[in-house]
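Numbering (UniProt numbering), first residue to last: 1 to 240.
Take a look at the structure below.
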């Protein structure tokens, strides 16, 4: 993401100015198919953020279980508190996969010939707005995640308990929903300080590596939209 911003700061003076109307942008007929695909993902973003903001964790239950390893009742209480939280964390992770796919579709639409990046942004303002909404969600999600250490603590306790039971040849019902492969992927995701931003960056770089030619266009567009997102709340009409 730092490289994208370098592109922006190096070449922004060469860009023509145009208005991006976040308030009134509506999809044209040519945008509608992609717009609908992205919209179907973004419509769940608010509930994801609300659920994450309400995430309290199972800290007291885990602490009691660790301090009293021979108390079966406390072990069960901690496990019963953690399991539904892990299911919620799985939902967040699965949304990141949907968001990654949505972003790649959006990049394909916003970088295809014969138009330049600036022309795409000016002609397809509804898609540009969705791109800004993805960035806004990403920053908000990561902010909430960084402020909530319970997420890492809960998932670490879950992994330790699963590993311990596996050694004892025990299979727990939750493993049918969060199997070992899924748990490994989730662990890598939540180990990141900013997991959604990492997802966005990976999606962008993956797209760049697969498409020859428009990588400069993609980086330029990401830099421009990142800059515009910071000012979005201050004005109804945004001048770049």
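Cβ atoms here follow ideal geometry from the backbone N, Cα and C, with glycine treated the same way.
In this text, all values refer to a predicted model and were calculated from it rather than measured experimentally.
query                                                                                       : result
Residue 34 - containing alpha helix (DSSP H), residue span                                  : 32 to 42
Nearest-angstrom beta carbon gap, residue 207 and residue 104 [assumed within contact, 8 Å] : 5 Å
Whether residue 49 touches residue 164 by CB criterion (7 Å)                                : no
Residue 62 versus 209, 38, 204, 151, residue with shortest Cα-Cα distance                   : 151
Straight-line gap, residue 204 to residue 79 (C-alpha atoms, nearest Å)                     : 38 Å
N-terminal and C-terminal residue of the alpha helix (DSSP H) that residue 173 is part of   : No alpha helix (DSSP H) contains residue 173, which DSSP labels as neither H nor E.
Distance, residue 109 Cα to residue 161 Cα                                                  : 45 Å
For residue 126 and residue 138, the rounded distance between their alpha carbons           : 18 Å
Residue 111 burial status per 10 Å Cβ neighbour count (16 or more: buried)                  : buried
Beta-carbon proximity of residue 155 to residue 93, cut-off 7 Å                             : no
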